[in-house]
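K.L.:
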Amino acid sequence: MLYQHQPHHQTSERNMLKLYTDLEIPQLKITLKQPLGLFINNEFCPSSDGKTIETVNPTTGEAITSFQAASEKDVDKAVKAARNAFENVWSKTSSEQRGIYLSNLLKLIEEEQDTLAALETLDTGKPFHSNSKGDLTQILQLTRYFAGSADKFNKGSTIPLTFERFAYTLRVPFGVVAQIVPWNYPLAMACWKLQGALAAGNTVIIKPAENTSLSLLYFSTLIKKAGFPPGVVNVLPGYGSLVGQALASHMDIDKVSFTGSTKIGGSVLEASGQSNLKDVTLECGGKSPALVFDDAELDKAINWIAAGIFYNSGQNCTANSRVYVQSSIYDTFVKKFKETAKKDWDIAGNFDPFDEKCVVGPVISSTQYDRIKGFIELGGKEEKLSSYQTSEFPNGKTKGYFIPPTIFTDVPQTSKLLQEEIFGPVVVVSKFETYDDALKLANDTCYGLASAVFTKDVKKAHMFARDIKAGTVWINSSNDEDVTVPFGGFKMSGIGRELGQSGVDTYLQTKAVHVNLSFDN
Ligand SMILES: NC(=O)C1=CN([C@@H]2O[C@H](COP(=O)(O)OP(=O)(O)OC[C@H]3O[C@@H](n4cnc5c(N)ncnc54)[C@H](O)[C@@H]3O)[C@@H](O)[C@H]2O)C=CC1
Ligand code: BAL
7 MLYQHQPHHQ TSERNMLKLY TDLEIPQLKI TLKQPLGLFI NNEFCPSSDG
57 KTIETVNPTT GEAITSFQAA SEKDVDKAVK AARNAFENVW SKTSSEQRGI
107 YLSNLLKLIE EEQDTLAALE TLDTGKPFHS NSKGDLTQIL QLTRYFAGSA
157 DKFNKGSTIP LTFERFAYTL RVPFGVVAQI VPWNYPLAMA CWKLQGALAA
207 GNTVIIKPAE NTSLSLLYFS TLIKKAGFPP GVVNVLPGYG SLVGQALASH
257 MDIDKVSFTG STKIGGSVLE ASGQSNLKDV TLECGGKSPA LVFDDAELDK
307 AINWIAAGIF YNSGQNCTAN SRVYVQSSIY DTFVKKFKET AKKDWDIAGN
357 FDPFDEKCVV GPVISSTQYD RIKGFIELGG KEEKLSSYQT SEFPNGKTKG
407 YFIPPTIFTD VPQTSKLLQE EIFGPVVVVS KFETYDDALK LANDTCYGLA
457 SAVFTKDVKK AHMFARDIKA GTVWINSSND EDVTVPFGGF KMSGIGRELG
507 QSGVDTYLQT KAVHVNLSFD N
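Here our numbering is used: the first residue of the sequence shown is 7, the next is one more, and so on.
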């Protein structure tokens, strides 16, 4: 690497002024100029108080570089830029032209996809070939979709009232939108939100997670190259408790969209209520069930379920982290599930996520590593549960945050491991007898993000789709998203929907216009 190691959270004169650094990713022979500043009005700038945040490579536990961390003053500056761009430029730009800017962006993402994917792997540890490139494929699909939607989803309707009166509705953007995104899919989650908001005609201030800001900062250079006018997109890296909180509380922001933990989602909602009642979209946590009935195609079900929990090291809000299996096939399922986990998802001593053979990378941070390890220890030592790990913890062999896929079996419904979101490669398996039994267990959670059912019985599958309280239901698959399909949660998993037409609708509000043709009254 060309970067210099900096001790954690150090603020120095040199950092204060540093707006770019050269990064080299030797495995892919990629060298890039990494922006490190706040992106406001299409320029990278230092933070007002000179604070920086160091970002760590989870594969090695070592620092990559430090970037500027926004202050409250910078939030105000970005809001002013976004407000000015909305009122004077973007609200007067045609929807067709917005689509053209998004199409320009699509072309640039296509050209730079390997660099963006490489940055994602460097900063998150997710395997380059099996994960980061997949994230970029999805980003290209959704950018294409939203570019095409800019002049299509903003149509209102006409409502006849009486002979001399009618009304029509306009679908108009909110104005200035704040977006707060997490670290599990840093660029993909940003693009789920950003492209939809831009297609709808809003200007945006987007905050990446403090531990994964590099890809979005690099992406900002493409925003400028694509021709978006200054102030339409502003990227504010910084701490959630400061920048995220300031955005959620800001009096001149019209909408906030957040993805992350249910706890912080609640505080974003509260901040809106305590400030200007800005519109709120939340994508929060999950503890998604997968049900396997005795008539399921067992091997296929196991492949889907293993991918649905171990992909991205289990750091998926929709991960099928609770598996319920009908008792008559339970033992066979458990045996085969362990075999599949070992065969397809073992870390296997591979600690380089740029290597094609690496399918399970490290988890994002030492904090998450300790948290997930804590759950595994709790399951074994306190709850005395049976478990299987595809291999030992690789202590001493790497400084990265690698956690071997772990399966807990015969887990009671009351177990903490079954009730709480672990957000790692850890799954609990339990048995059920009847459909009613299984449904009750599946719905016994405060979350309602996603669910999966495996059966050849069409009636049972659709009954489950009807009865489960979750925003997504997969029948004979799991975690296979599509950018054209709406996504979001029931219960404490969130408010609102993203992707598909909902991904634009969520950034539009309805204005009703009443027309009176009579001159008499
Ligand atoms: N639903 C999902 O996709 C995600 C869920 N999580 C869950 O959250 C757990 C903890 O992870 P964290 O990184 O702590 O998640 P988090 O909810 O704190 O972070 C998500 C985003 O919110 C921002 N944020 C933090 N505090 C804020 C505040 N007071 N106001 C506004 N924004 C704020 C962060 O900077 C980040 O950009 C994970 O173990 C997992 O269970 C985490 C990331 C993504
Ligand atoms: N698959 C993207 C949403 C999530 O799992 O966090």
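Yeah, the Cβ is synthetic: ideal placement off N, Cα and C, and Gly gets one too.
Fair warning: this is a prediction, and the values are worked out from it, not measured in the lab.
Helix, strand or coil for G154? Go by DSSP, reduced to three states.
P.N.:
Position 148 of the sequence shown, counted from the start, is the residue given in the question as residue 154. In the structure shown, G154 sits in a helix (DSSP, three-state: H, G or I).
K.L.:
Less than 7 Å between the CB of C290 and some heavy atom of ligand 1, yes or no?
P.N.:
Here residue 290 refers to the residue found at position 284 of the sequence shown. Yes, the Cβ of C290 comes within 7 Å of a heavy atom of ligand 1.
K.L.:
Examine the Cβ distances between the segment 116-126 and the segment 235-253 and report whether three or more of them are shorter than 8 Å.
P.N.:
Because the criterion of three Cβ pairs below 8 Å is not met, the segment 116-126 and the segment 235-253 do not touch.
K.L.:
Could you round the C-beta distance between S109 and A153 to whole angstroms and report it? I think they count as a contact, below 8 Å.
P.N.:
Position 103 of the sequence shown, counting from 1, holds the residue named residue 109. Position 147 of the sequence shown, counting from 1, holds the residue named residue 153. Between A153 and S109 the Cβ distance is about 5 Å, and since that is below 8 Å, they are a contact.
K.L.:
Going straight from the alpha carbon of A87 to that of D80, what length do you get?
P.N.:
On the sequence shown, position 81 is the one that residue 87 refers to. On the sequence shown, position 74 is the one that residue 80 refers to. Between A87 and D80, the C-alpha separation is close to 10 Å.
K.L.:
Quick check on the DSSP output: the beta strand (DSSP E) that includes C197 runs from which residue to which?
P.N.:
Along the sequence shown, read from residue 1 onward, the residue named residue 197 stands at position 191. Element bounds for C197: not the beta strand (DSSP E) but the alpha helix (DSSP H), P192 to A206.
K.L.:
Does the separation of the CB atoms of Y530 and E216 fall below 8 Å?
P.N.:
Past the edges of the chain, shown from 7 to 527, lies residue 530, and the structure says nothing about it.
K.L.:
Which first and last residues belong to the beta strand (DSSP E) in which W351 is found?
P.N.:
Working through the sequence shown from its first residue, we reach residue 351 at position 345. That residue, W351, is in no beta strand (DSSP E); its alpha helix (DSSP H) goes Y336 to W351.
K.L.:
Cutting at 7 Å between CB atoms, please list the residues of its own chain near C197, excluding the five before and the five after it.
P.N.:
Here residue 197 is taken as the residue at index 191 of the sequence shown, counted from 1. Within the same chain, C197 has close Cβ partners I145, L148 and T149.
K.L.:
In chain order, what residues of the same chain have a beta carbon less than 7 Å from the beta carbon of K139, not counting five sequence neighbours either side?
P.N.:
Counting from 1 along the sequence shown, the entry for residue 139 is found at position 133. A123.
K.L.:
Give me the Cβ distance between A467 and S457, rounded to the nearest whole Å; I'm assuming they're in contact under 8 Å.
P.N.:
Here the question's residue 467 lines up with position 461 in the sequence shown. Here the question's residue 457 lines up with position 451 in the sequence shown. Rounded, the Cβ-Cβ distance is 11 Å, inconsistent with contact.
K.L.:
Please tell me whether T175 has its Cβ less than 8 Å away from any Cβ of chain B.
P.N.:
The displayed structure is made up of one protein chain only, and chain B is not part of it.
K.L.:
Would you kindly report the start and end of the unbroken beta strand (DSSP E) that includes H256?
P.N.:
Within the sequence shown, residue 256 is the residue found at index 250, counting from 1. Note, H256: premise wrong, no beta strand (DSSP E); not H, not E.
K.L.:
Among Y453, L523, Y107 and N356, which has the Cα closest to the Cα of F408?
P.N.:
If you number the sequence shown from 1, residue 408 lands on position 402. It is N356 whose Cα lies nearest to the Cα of F408.
K.L.:
Would you list the residues whose beta-carbon is nearer than 6 Å to any heavy atom of ligand 2, in the order they occur in the chain?
P.N.:
Every residue passing the under-6 Å Cβ criterion appears here: N190, Y191, N322, C323, T324 and E487.
K.L.:
Do you know whose CA, among S484, S278 and K284, lies nearest A313's CA?
P.N.:
Along the sequence shown, read from residue 1 onward, the residue named residue 313 stands at position 307. Answer by Cα proximity: S484.
K.L.:
For V262 versus V239, is the C-beta spacing smaller than 8 Å?
P.N.:
Within the sequence shown, numbered from 1, the residue matching residue 262 stands at position 256. Within the sequence shown, numbered from 1, the residue matching residue 239 stands at position 233. No, Cβ-Cβ distance for V262 and V239 is not below 8 Å.
K.L.:
Can you look up V329 in the DSSP assignment and give me helix, strand or coil?
P.N.:
By 1-based counting over the sequence shown, the position of residue 329 is 323. Reduced to three states, the DSSP call for V329 is strand.
K.L.:
Using alpha carbons as the reference points, say which of G320, T37, Q425 and A203 lies closest to F92.
P.N.:
Position 86 of the sequence shown, counted from the first residue, corresponds to residue 92. F92 has its Cα closest to that of A203, out of G320, T37, Q425 and A203.
K.L.:
Measuring CA to CA, which of T37, G131, I59 and I36 is closest to V369?
P.N.:
Within the sequence shown, residue 369 is the residue found at index 363, counting from 1. The shortest C-alpha separation from V369 is found at G131.
K.L.:
Tell me the rounded alpha-carbon separation between T461 and P214.
P.N.:
The residue labelled residue 461 in the question sits at position 455 within the sequence shown. The residue labelled residue 214 in the question sits at position 208 within the sequence shown. Answer to the nearest angstrom: the Cα atoms are 40 Å apart.
K.L.:
For F339, which option in L304, G271 and G233 has the closest C-alpha, if you only look at C-alpha atoms?
P.N.:
Position 333 of the sequence shown, counting from 1, holds the residue named residue 339. If we check each option's Cα against that of F339, L304 comes out closest.
K.L.:
With the cut-off set at 8 Å, would you say L42 and L25 are in Cβ contact?
P.N.:
Position 36 of the sequence shown, counted from the first residue, corresponds to residue 42. Position 19 of the sequence shown, counted from the first residue, corresponds to residue 25. Taking 8 Å as the Cβ cut-off, L42 and L25 qualify as a contacting pair.
K.L.:
Return the chain-ordered ranges of every beta strand (DSSP E) run that is complete within the segment 247-292 and spans a minimum of 3 residues.
P.N.:
Qualifying beta strand (DSSP E) stretches, in chain order: 261-265 and 285-289.
K.L.:
Specify, as a first and last residue, the run of the alpha helix (DSSP H) that S221 falls within.
P.N.:
Your numbering for residue 221 matches position 215 in the sequence shown. Its alpha helix (DSSP H) spans residues L220 to K231.
K.L.:
Can you grab the Cα-Cα spacing for the pair Y394 / E68, in whole Å?
P.N.:
As a position in the sequence shown, residue 394 is number 388, starting the count at 1. As a position in the sequence shown, residue 68 is number 62, starting the count at 1. Roughly 30 Å separates the two Cα atoms.
K.L.:
Distance check for I212 and F195, CA to CA, integer angstroms please.
P.N.:
The count along the sequence shown starts at 1 and reaches residue 195 at position 189. The count along the sequence shown starts at 1 and reaches residue 212 at position 206. One point to set straight first is that residue 195 is Met, not Phe, in the sequence displayed. If I take the Cα positions, the gap works out to 11 Å.
K.L.:
Just to confirm my understanding: we take T27, look at its own chain, exclude 5 residues before and 5 after, and list those with CB closer than 7 Å. What are they?
P.N.:
The count along the sequence shown starts at 1 and reaches residue 27 at position 21. Y9, Q40, L42 and T71.
K.L.:
Can you tell me the Cα-Cα spacing of V178 and T490, whole angstroms?
P.N.:
As a working mapping, residue 178 is identified with position 172 in the sequence shown. As a working mapping, residue 490 is identified with position 484 in the sequence shown. Between V178 and T490, the C-alpha separation is close to 21 Å.
K.L.:
Check whether the Cβ of A75 lies closer than 7 Å to any heavy atom of ligand 1, and answer yes or no.
P.N.:
On the sequence shown, position 69 is the one that residue 75 refers to. Checking every heavy atom of ligand 1 against the Cβ of A75, none is found closer than 7 Å.
K.L.:
For E398, which option in I382, G494 and G105 has the closest C-alpha, if you only look at C-alpha atoms?
P.N.:
Residue 398 sits at position 392 when you count from the first residue of the sequence shown. Comparing Cα-Cα distances from E398 to each of I382, G494 and G105, the minimum goes to I382.
K.L.:
For H256, does the count of other Cβ atoms within 10 angstroms reach 16, so buried, or fall short, so exposed?
P.N.:
In the sequence shown, the residue the question calls residue 256 occupies position 250. H256 is buried by the Cβ-count criterion.
K.L.:
On a Cα-Cα basis, can you pick out the residue from G477, S508 and G506 that is closest to G1?
P.N.:
This structure does not reach residue 1, given that the chain is present from 7 up to 527, and the question cannot be answered.
K.L.:
Any idea if C323 is buried or exposed, counting beta-carbon neighbours within 10 angstroms, 16 or more meaning buried?
P.N.:
Counting from one through the sequence shown, the residue named residue 323 turns up at place 317. Label assigned to C323: buried.
K.L.:
Roughly how many angstroms separate the alpha carbons of K269 and Q280, rounded to a whole number?
P.N.:
Here the question's residue 269 lines up with position 263 in the sequence shown. Here the question's residue 280 lines up with position 274 in the sequence shown. Their backbone Cα atoms lie some 17 Å apart in a straight line.
K.L.:
Return the residue from the list G207, A76 and K390 that minimises the CA-CA distance to S155.
P.N.:
Within the sequence shown, the letter at position 149 stands for residue 155. For S155, the nearest C-alpha among the options comes from G207.
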